[in-house]
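K.L.:
For reference, the structure I am asking about is given below.
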Amino acid sequence: MQEKFAIIDIGSNTMRLVIYHNERNGRLKEIENIKTMARLRNHLDDRQYLDKTGMDILIRTLKNFEEITKYHAIQNINAVATATIRHAKNQHEILENIQIFTNLDVKILSEFEEAYYGFLAVINSTSITEGITIDVGGGSTEVTYFRDRKLIFYHSFPFGALSLRKQFMEGPVPTADELLHLTTFLHEEINKIEWIKDMRRVPIIGIGGSARNIVQIDQRRKMYPLGGLHQYEMTSHDLATVKDSLICLPLEKLQCVEGLSEERADIIIPALEVFNVFYQITHASSFILSRKGLRDGVVYEELLKPFGIKMFPNVLEESLYELEYDYEININNVVQVSRIAISILTSLRKFGFLSITDTELTEAKRAALLFQLGRYIDDEASSQHTFYLLANRTIDGLMHEERLRLAAIASFKSKTYLKNYLEPFADWISKEDFVVIRILGAVLRLAYALNETKRNIVEQLEMADRQEDLMFIIMCSNNWQAEQYHAEKQKKQLEKVLKRNIILHFTRA
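With full-length UniProt numbering applied, the sequence shown corresponds to residues 1 to 509, in that order.
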């Protein structure tokens, strides 16, 4: 691919230019994101023609975007248009004007393509294997159902947040009657799609700016202590609470709600009601936000095209690879440490000192990759930096609670530090979970000490239960003086949690 490329998304509510840089590791990094609240859907007249004002906004914005891409010397520009241009009766005139006044070649996405790119974005940025994606735009709502990461059904509804507001609301905020008529309409329209009625107990995944705003409002309301929006999860009660907090406010107060963009204040309630009704009809298991949407779907298609695939085989592995690259992690050291840690954990399980699950063993392997990565910033405060970085950085493929656990294990230094880190998350972590996190973290500290010189000298580790003591027999291929010194210092964290004295016996392999 080119070193840089751009996507221009001509939506019904917003127009956006996003510029990406193709990095050495094959990842695309977003370097510019410019948005204009064009609201083109409001400029479709009664005959479904884009009026002169709408045409002027469109051309002026595209010329501005084109000027920015010229500054960045970008040759590869992918411009796409969605519902408003797709529905406009003077579509030919619109495209003709774009060609006259710019050098852009705009592709009008079909209903299927718009829905498909939203699905592609979700499937390449989460580990969700079955669900319903819902992308509420300004002039249409695209819905897909996927199972085993395969697209099964799709549908495009000819309504979005802007068109619903225009159809059902006289003012910027709906009256009780207007809201009732809107809800009734949505129930009738959505229930017409047979496959949607057959969906039960799967998550609905919200895409788009309105979905992001709903999550931001919920996070501010709860004083949410974890960073990031992507893969944030809400219940039907959460959605209802957000709705109840908004419908009683006049526009001027809506525009001041924390987490709600001022320009979305007059369309947030119609968008929210779409998600609410979908949740009710499908009896969804939860509402999950995907920060990745149509544009990202186009990017993933471009990124993966040279490999002849449409989706990453494993989303989480890709995310961990990015972290490995960003923080210059020594992968040879990680492999050795992971091997030692799993050997200790399986031995402890075998002798009955802990009942650790295979899922928790997998957590240990992930944490081994990221253990104390905060050293990249500052060695002295590596634990604090590690927890903050992992707790507040989106990791595609991990839900928020999974990310918190990973941050806690990978940053483990002592019980006191762990308690301090997890204090804001008291309702998230049970006492049993706390013990497991502490054990995994303590084992990783010891495992890293056993490869202190990065020479991979530990070839085998065995364990013997001597009633009052636990003996670790550590077989090495070379001089182990440094490993022994550091392991003796680090073993105390594991001794405290197991309540057993640990004897480290080093011997030649």
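Glycine is no exception: its CB is placed at the ideal position from the N, C-alpha and C atoms. Note that the coordinates shown come from a computational prediction; the quantities given were computed from them, not determined experimentally.
Relative to the C-alpha of residue 377, which residue among 385, 422 and 120 is closest?
P.N.:
385
K.L.:
Apart from the five residues just before and just after residue 120, which ones in its own chain have a Cβ nearer than 6 Å to its Cβ?
P.N.:
297 and 300
K.L.:
How would you call residue 512, buried or exposed, if buried means at least 16 neighbouring beta carbons within 10 angstroms?
P.N.:
Residue coverage of the chain in this structure runs from 1 to 509, which leaves residue 512 outside it and unanswerable.
K.L.:
How far does the alpha helix (DSSP H) with residue 184 in it reach, from first residue to last?
P.N.:
176-190
K.L.:
Answer yes if the region 488-504 comes into contact with the region 427-446, meaning at least three C-beta pairs across the two stretches below 8 Å, and no otherwise.
P.N.:
yes
K.L.:
Inspect the beta-carbon positions of residue 61 and residue 36 and report whether they are closer than 7 Å.
P.N.:
yes
K.L.:
How far does the alpha helix (DSSP H) with residue 127 in it extend, from its first residue to its last?
P.N.:
DSSP places residue 127 in no alpha helix (DSSP H); its state is neither H nor E.
K.L.:
What residues are listed by DSSP as bridge partners for residue 156?
P.N.:
142
K.L.:
Measure the alpha-carbon distance for residue 412 versus residue 68 and round it to whole angstroms.
P.N.:
45 Å
K.L.:
For residue 319 versus residue 396, is the C-beta distance shorter than 7 Å?
P.N.:
yes
K.L.:
Among the residues of its own chain, which have a CB less than 8 Å from the CB of residue 250, if the five just before and after it don't count?
P.N.:
In its chain, beyond the 5 residues on either side, 173 have a beta carbon closer than 8 Å to the beta carbon of residue 250.
K.L.:
Suppose you measure from the CA of residue 430 to the CA of residue 405; what does that come to, to the nearest Å?
P.N.:
11 Å
K.L.:
My output table needs one value for residue 149: the three-state DSSP class, helix, strand or coil.
P.N.:
Residue 149: coil per DSSP, three-state reduction.
K.L.:
Can you list the alpha helix (DSSP H) stretches of 4 or more residues lying completely in the region 351-415, in chain order?
P.N.:
358-370, 382-392 and 400-410
K.L.:
On the three-state DSSP scale, how would you describe residue 80?
P.N.:
strand
K.L.:
In whole angstroms, what is the alpha-carbon distance linking residue 78 and residue 163?
P.N.:
27 Å
K.L.:
Can you name the start and end residues of the alpha helix (DSSP H) that residue 55 belongs to?
P.N.:
Looking at the DSSP string, the run of the alpha helix (DSSP H) that includes residue 55 is 52-71.
K.L.:
Taking only the alpha-carbon atoms, compute the straight-line gap between residue 152 and residue 159 and give it to the nearest angstrom.
P.N.:
Cα to Cα, residue 152 sits roughly 22 Å from residue 159.
K.L.:
With residue 310 as the anchor, note down where its beta strand (DSSP E) starts and where it stops.
P.N.:
That residue, residue 310, is in no beta strand (DSSP E); it is neither H nor E in DSSP.
K.L.:
Per the DSSP calculation, residue 460 is bridged to which residue(s)?
P.N.:
475
K.L.:
Could you spell out the range, first to last residue, of the alpha helix (DSSP H) harbouring residue 230?
P.N.:
Unbroken run through residue 230: none, as it is neither H nor E.
K.L.:
What does the Cβ neighbour count give for residue 195, buried or exposed, with the cut at 16 atoms within 10 Å?
P.N.:
exposed
K.L.:
Any idea if residue 220 is buried or exposed, counting beta-carbon neighbours within 10 angstroms, 16 or more meaning buried?
P.N.:
exposed
K.L.:
Quick check: the region 226-238 against the region 258-267, are there 3 or more CB pairs under 8 Å?
P.N.:
no
K.L.:
Residues in its own chain within less than 6 Å of residue 437 by CB, not counting five upstream and five downstream?
P.N.:
408 and 409
K.L.:
Tell me whether residue 86 sits in a helix, a strand or coil according to DSSP, three-state version.
P.N.:
Look at residue 86 here: in three-state DSSP terms it is helix.
K.L.:
Are the region 449-468 and the region 343-350 touching by the rule of at least three beta carbon pairs closer than 8 Å?
P.N.:
yes
K.L.:
Cβ of residue 451 within 7 Å of Cβ of residue 337?
P.N.:
The answer is yes: Cβ separation under 7 Å.
K.L.:
Relative to the C-alpha of residue 27, which candidate in 101, 10 and 322 has its C-alpha closest?
P.N.:
322
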